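Counting from 175, one number per residue, gives the positions in the sequence shown under our numbering. Just so it is clear, CB atoms sit at the ideal spot from N, CA and C, and this is done for glycine as well. Every value quoted in this text rests on a predicted model; they were computed, and no experiment measured them. What follows is one structure encoded as structure tokens, with my remarks underneath.
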Amino acid sequence: MTRIDNFSKSQKMIARLHEIVPGGGHTYSKGLDQFPYRSPQLITGAKGAYCVDVDGNRFLDWAMGNRVFILGHGYPAVNEAVKNAIDVGVNYTRPGLLELEVAEYLLDMHSWAGMVKFGKNGSDVTTAAIKLARAATGREIVAICGDHPFFSTHDWFIGSTAMDAGTLQGEKRTTVKFRYNDMASVEALFAEYPGQIAAIILEPVKNDAPVDGFLEGLRAIATRENAVLIFDEMIAGMRFHHLGAHHLYNVQPDLATFGKAVSNGFSFSFLIGAKEIMELGGLMHDRSRVFLLSQTHASETVGLAACRATMEECIRNDVSTHVWSTGKKLKDKFNALVKSVGVEDYVRIIGFDCNPQILSTHADGGYWPELHTAFHEEVIAQGVLIPWISITWSHGDAELEQTMKALEAGFNRVKRLLDEGGDVSTGYEGNAVQPVFRKYNNV
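What follows is the structure, encoded as structure tokens:
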């Protein structure tokens, strides 16, 4: 393919966007500090596994927004369901029939749960889960997995990060951290804060598999300590299985949160869980009322219709099996290719087949942002966007072949830079990518 070198409109327009929108967009993970300078900055459209930027460059897209697709951009069956919903109204004065239908559909699917509540994004429902846990237990402290990168935009989580300006110190003091696969760190928190921890929240899986007994141990501790066990299935849900990763490990939480790919790009999320906890946010009990979620647009029909259509397509086509098998092919081809070029100590692919991740590292395994930037700048020039990997039904063998050609070019750039003495900062234009959660901007 022709090398992509023209980003002139992107660079001009993103500068203007930064003048009028803080952060130059509405999701920090999409910010210009997360990508090489020579990359698409503004997208004009997308279909299937591909997107097009304002300069007319076409890219194979593995990032899929911020992991919000499981079927692909503009998937016909989902779009059709949304159009049908729009035709009969998108938001009503009282609850809509579709709310009942989708709630029953999800509860039939997640047979362990007794009630469900809808939101528009992940932060809505994770924070709602924390509120329920605090109300149910009468406690304030939340134990979060410190190895997992994100749970919510709200103070109870953001206050625990380096990017904590503007958050309440009181909220910050009520969030404590444990390590994944480290049961001793969990027990230590309950020993340090006896009778004070309301909830344990984590992704059931990330890049590492839970060691034998870890998830089961969390379930046992939560039960013993009368704390609420919450599984954040935003990313793992739909990719590992449409019922969530916890389904594969046969460990039942008290509450679970789903979002991102559940509605194939449309704004929708849901909190699902045990009725005795969930009903605290309802009108049919005599305890103190919990203002759980009350959002103007939570019940708009577009997200509801998209969710049901997405679930139906995923079940009909066994999409999670496709995601697993495509990921295995990607990892196998990646590992063979990177070894043949001789840079396997510097560019690696880790994680589960259904949710792999590419890392650019020093030989000792430590993250190397300059190498990451140089590598991805070259891969982007070859027409592939793969800052993270969100495999969809639209990614097939042709996309794998195109990806391998782009990765090979990236591997060769890494090898050349290392052979020239290791000053990889000469291998890209602009600044190296930076972590989202940092105290200050580098300006």
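V299 is positioned such that its CB atom lies closer than 8 Å to that of S443. According to DSSP, I554 shares a beta bridge with no other residue.
The distance from the Cβ of F181 to that of D235 is about 16 Å, inconsistent with a contact at the 8 Å cut-off. Collapsing the DSSP output to three states places V360 in a helix. Judged by DSSP in its simplified three-state form, L467 adopts coil rather than helix or strand. Looking at the DSSP output, M289 shares a beta bridge with G447.
Its chain contains W498, G501, K502 and K505 as the residues whose beta carbon lies nearer than 7 Å to that of D527, once the 5 sequence neighbours on both sides are disregarded; these appear in chain order. With respect to the C-alpha of V262, the residue from E474, E450 and T566 having the closest C-alpha is E474. With 16 or more other Cβ atoms from the protein chains shown falling within 10 Å of its own Cβ, F324 counts as buried. Looking at the DSSP output, C319 shares a beta bridge with F352.
When the Cα atoms are used, A396 and I371 turn out to be separated by approximately 9 Å. In terms of Cβ geometry, A307 and V385 do not form a close pair [threshold 8 Å]. For A410, the uninterrupted alpha helix (DSSP H) run begins and ends at A410 to R413, by DSSP. Closest in C-alpha terms to Q426, from the list E453, L389 and H416, comes L389. Sixteen is the threshold: since fewer than 16 other Cβ atoms of the shown chains lie within 10 Å of the Cβ of Q343, the residue is exposed. For the pair G340 and G433, the CB atoms are not nearer than the 8 Å cut-off. Membership of Y279 in any beta strand (DSSP E) is not indicated; the residue belongs instead to the alpha helix (DSSP H) covering L271 to M283. Beta-carbon to beta-carbon, A435 and I244 are separated by about 4 Å, close enough to satisfy the 8 Å threshold.
One thing to note: I560 has its Cβ no nearer than 8 Å to the Cβ of P530. The continuous alpha helix (DSSP H) containing G296 extends over residues G296 to T311. In this structure, A302 lies away from K294, with their beta-carbon atoms at least 8 Å apart.
Per DSSP, the beta bridge partners of T431 are D406 and L445. Here G199 is actually not in contact with A220; their C-beta atoms are around 16 Å apart, not less than 8 Å. Between A479 and N258, the CB-CB gap stays under 8 Å. Taking the Cβ atoms as the reference, L271 lies roughly 40 Å from A317, outside the contact range of under 8 Å. Looking at the DSSP output, G219 sits in a beta bridge with V226. Linking N605 to G391 through their CA atoms gives a straight-line distance of about 44 Å.
Taking C-beta separations shorter than 7 Å and ignoring five residues to either side along the sequence, the partners of I260 in its chain run V476, following chain order.
Listed as beta-bridge partners of F331 by DSSP are no residues whatsoever.
If you keep only unbroken alpha helix (DSSP H) runs of at least 4 residues inside the segment 514-601, you get 543-555 and 571-593. Between R461 and L454, the CB-CB gap stays under 8 Å. Burial is judged here by how many other beta carbons sit within 10 angstroms of a residue's own beta carbon; P196 has fewer than 16 and is exposed. Excluding the 5 residues flanking it on each side, V517 has same chain C-beta neighbours closer than 6 Å at F585, V588 and K589, in chain order. Check the Cα spacing between T218 and each of L581, Y211 and M187: the tightest is with M187. In this structure V607 is in contact with P543, their Cβ atoms being roughly 5 Å apart against a cut-off of 8 Å.
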